[in-house]
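Numbering (the UniProt record's numbering), first residue to last: 1 to 253.
For every residue, glycine included, the Cβ atom is placed at its ideal position computed from N, Cα and C.
Keep in mind it's a predicted model, so treat the numbers as computed, not measured.
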């Protein structure tokens, strides 16, 4: 009697990974929304290159044929849609990106708002969620710091992504570079590139810089480009923050 040697098999290993995905949420009328998107791309060319983008259609609620046309329109603009967020049981064609399952608000949102220009303000929004008299609740443990400190200047073409807290840059940020942070952004030199704070839905995040020459400032998806900024704020120490769903840019003294 002979016995066959056991066949050695290799198991397949599945591992979970998380990425920061930007969300586009089209609104009606779609033609005006696309015009706003074109202006944004014109101010920040190449911003979407190589980035995972989710198309949230729960506000627009288009027909299947309109979805295909919209995905094609975005493709012409260099925006590749990785997934579609759509409530209900709408069946999409196989040539369209898959419907995202289990989407959460932690996905970074990029909101196209044509009227979100920064205006100089002397006082900012007060901090929320602070305990009275500076006391911590007894059952609350202090969280470990999750700050990323960049000790060298950020050169043109470089990107810094930090999905766990604040970003501090001890040097300057060159034109054509960018910083994306879940928390606040502090630049102790000149900020000439793009800075996006609070990208995971943290509306209390802020951007601080010693000298403002930024191409774009954004907090929780609300943005202001260099062309939209008040001229008096250029070359000055400023802070950017949200106040009633409006991005404010104010001198920082």
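Beta-carbon proximity of residue i to residue j, cut-off 7 Å
i, j, result
"residue 189", "residue 176", "no"
"residue 182", "residue 163", "yes"
"residue 160", "residue 179", "yes"
"residue 24", "residue 55", "yes"
"residue 237", "residue 210", "yes"
"residue 147", "residue 166", "yes"
"residue 191", "residue 220", "no"
"residue 169", "residue 150", "yes"
"residue 174", "residue 193", "yes"
Contact set for residue i: own chain, Cβ-Cβ below 6 Å, skip 5 residues either direction
i, result
"residue 157", "176"
"residue 26", "33 and 60"
"residue 83", "54, 97, 98 and 100"
As assigned by DSSP and simplified to three states, the class of residue i
i, result
"residue 66", "helix"
"residue 71", "helix"
"residue 231", "helix"
"residue 248", "strand"
"residue 42", "helix"
"residue 55", "strand"
"residue 203", "coil"
Residues bridged to residue i [DSSP beta-bridge criterion]
i, result
"residue 236", "According to DSSP, which records beta bridges pairwise, residue 236 is partnered with nothing at all."
"residue 178", "159 and 194"
"residue 47", "Paired residues: none, contrary to the question."
Same chain, Cβ closer than 8 Å to residue i, neighbours up to 5 away in sequence not counted
i, result
"residue 49", "78"
Neighbourhood of residue i by C-beta distance below 7 Å, restricted to the same chain and skipping five residues each side
i, result
"residue 51", "22"
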